[in-house]
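Okay, so the sequence shown: first residue is 58 according to this note's numbering, each after it adds one. The C-beta atom is built at its ideal place from N, Cα and C for all residues, glycine as well. Note that the structure is predicted; figures quoted are calculated from it, not measured.
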Amino acid sequence: MTNNLIATISKIIKTETGYSIAQNIGVRPEQINRLKRGERKVDNISLDMAQKILDYYANVTIDIK
């Protein structure tokens with residue numbers, strides 16, 4: 058993954074709760090919480106998970122507007 062993508066996903070993970078992200082992208086909350094705590098590096102997640110996080114954030118920001 059590129060540095061910009063890694064930075065963007067890191068920011069998204071910090072702004073939302075692990076539970077809300079996990080619930081909407083179909084993973085266990087523990088997976089997101091490990092990323093939030095730094096136990097797992099964002100650059101090691103699958104591209105599929107990265108895309109799901111980006112899609113989730115796009116939907117959240119659209120709903121807010």
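Query	Result
DSSP three-state assignment for Ile63, whether helix, strand or coil	helix
Residue span of the alpha helix (DSSP H) that contains Arg85, given as start and end	Arg85 -> no alpha helix (DSSP H), and no H or E assigned at all.
Distance between Met58 and Glu96 (C-alpha atoms, nearest Å)	18 Å
Proximity below 8 Å, CB of Gly75 to CB of Ile89	yes
From Thr118, Thr72 and Leu92, residue whose alpha carbon lies closest to that of Val106	Residue identity check: residue 106 is Met in the sequence provided, not Val. Of the listed residues, the one whose Cα sits closest to Met106 is Leu92.
For Tyr114, the nearest candidate out of Asn61, Glu73 and Asn60 (CA to CA)	Glu73
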